[in-house]
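Asker: Just dropping this structure here.
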Amino acid sequence: MQAILSSSFSLLDTLIVVTYLGLSLLIGLFARKHINSMDDYVSAGRNIKPFLGVATMAGTEMGLITIMYSAQKGFSSGFAAFHIALIAGIVTFLVGISGFIVVPLRKLQVLTIPEFYEKRFDKKTRVLGGVMLAIGGILNMGLFLKVGAMFIGGVTGLSQHSWAVPAIMTALLLLVLIYTTMGGMISVILTDYVQFVVLSFGLLVTVILAIKSLGWSTIFEQTQLMLGSAGFNPLSSEGEFGITYVLWMIITAGLVSCA
16 MQAILSSSFS LLDTLIVVTY LGLSLLIGLF ARKHINSMDD YVSAGRNIKP FLGVATMAGT
76 EMGLITIMYS AQKGFSSGFA AFHIALIAGI VTFLVGISGF IVVPLRKLQV LTIPEFYEKR
136 FDKKTRVLGG VMLAIGGILN MGLFLKVGAM FIGGVTGLSQ HSWAVPAIMT ALLLLVLIYT
196 TMGGMISVIL TDYVQFVVLS FGLLVTVILA IKSLGWSTIF EQTQLMLGSA GFNPLSSEGE
256 FGITYVLWMI ITAGLVSCA
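According to the numbering used here, the sequence shown is numbered sequentially starting from 16.
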């Protein structure tokens, strides 16, 4: 309790966080009333409109890890780091407009990828694929959970305590587990939408304040001074990216992530 009271968070900061987390739980309770079938629970009744779908996908991609990762890449690589988001946007648009992967799966009316494995192969393949996807997802999301907890511990001043990161990880995991279990995909989509709105306004305000504080020309001048052409060109041999990295991003940040 003493550690919590000594946090660098003010009362207003705490109220904002508690309100946001409380809203997530309320969304789960609200969504629960609209769950009448497995289709409702797993795929939100297959009735998500394009604008809401785009917003919830953006909210998922604009999570805490992505924001911090992008900020770090921008700090170390300058404007050249923009190519990661640009590639992801272009490939996602091409996948969407072409229907690649998405349309065949929708025609099969499957709810999960392992279900597709059973239709294409057999039940043993479905079980094996499901186990592999679960393990991969847990390892991947486990890293996101830990880094998120480390960030929260840092901004609150609790990171100096050994119990802080495990405690925050546990709290975050329980929160997500509760509202996801209660409301299924409907709850996830609505929560992502709220996150999208909050993050969009927050990022917009932050960027405006940063440009106003540093000066638009100063940002470009310092990038040129510190990084040279590598700060603007991701293909530059002097930077940390290069053609191999860019091609890898087309596959991972673009096609694989979108698929």
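We treat Cβ as the ideally placed atom computed from N, Cα and C, and that holds for glycine.
Output the residue ranges of the alpha helix (DSSP H) runs that lie fully inside the stretch 20-68 and measure 4 residues or longer, sorted by chain position.
Answerer: As far as the stretch 20-68 is concerned, its whole alpha helix (DSSP H) runs of at least 4 residues are 26-47 and 53-58.
Asker: Leaving out the 5 sequence neighbours to the left and right, which residues in its chain are closer than 7 Å to His49 when beta-carbon positions are compared?
Answerer: Answer for His49: Asp55 and Ile201, listed in chain order.
Asker: Assuming Leu187 contacts Leu160 under a Cβ cut-off of 8 Å, what Cβ separation, rounded to an integer in Å, is found between them?
Answerer: The pair is a contact, with the Cβ atoms about 6 Å apart (cut-off 8 Å).
Asker: DSSP on Gln87, reduced to helix/strand/coil?
Answerer: It is helical.
Asker: Check whether the stretch 59-79 touches the stretch 180-196, counting contact only when three or more Cβ pairs, one atom from each stretch, lie closer than 8 Å.
Answerer: No, the stretch 59-79 does not touch the stretch 180-196.
Asker: Given this structure, state the Cα-to-Cα distance separating Leu224 from Gly230, to the nearest angstrom.
Answerer: Cα to Cα, Leu224 sits roughly 10 Å from Gly230.
Asker: Label Gly104 either buried or exposed according to how many other C-beta atoms from any shown protein chain fall within 10 Å of its C-beta, with 16 as the threshold for buried.
Answerer: Gly104 is exposed by the Cβ-count criterion.
Asker: Using 8 Å as the threshold, is the stretch 95-110 in touch with the stretch 257-272, meaning 3 or more CB pairs across them?
Answerer: In short, these stretches touch, since the Cβ pair count reaches three.
Asker: Quick one: give me the first and last residue of the alpha helix (DSSP H) that Gln313 is part of.
Answerer: The structure shown does not extend to residue 313, since the chain is modelled only from 16 through 274, so no value can be given for it.
Asker: Return yes when the Cβ of Gly246 is within less than 8 Å of the Cβ of Thr238, no when it is not.
Answerer: Result yes, Cβ atoms of Thr238 and Gly246 sit closer than 8 Å.
Asker: Indicate whether Asn248 and Ala100 have their beta-carbon atoms separated by less than 8 Å.
Answerer: It is not a contact, given that the beta carbons lie outside the stated cut-off.
Asker: Identify, in the order they occur along the chain, each residue of the same chain with its Cβ nearer than 8 Å to the Cβ of Ile42, setting aside the five sequence neighbours on each side.
Answerer: For Ile42, where only same-chain residues beyond five positions count, the Cβ hits under 8 Å are Tyr194, Gly198, Ser202, Leu205, Thr206 and Val209.
Asker: I need the DSSP call for Gln17, collapsed to helix, strand or coil.
Answerer: Note that Gln17 scores a pLDDT of 48, beneath 50, so its modelled location is shaky; the value from the coordinates is reported in the next line. Gln17 falls in the helix class under three-state DSSP.
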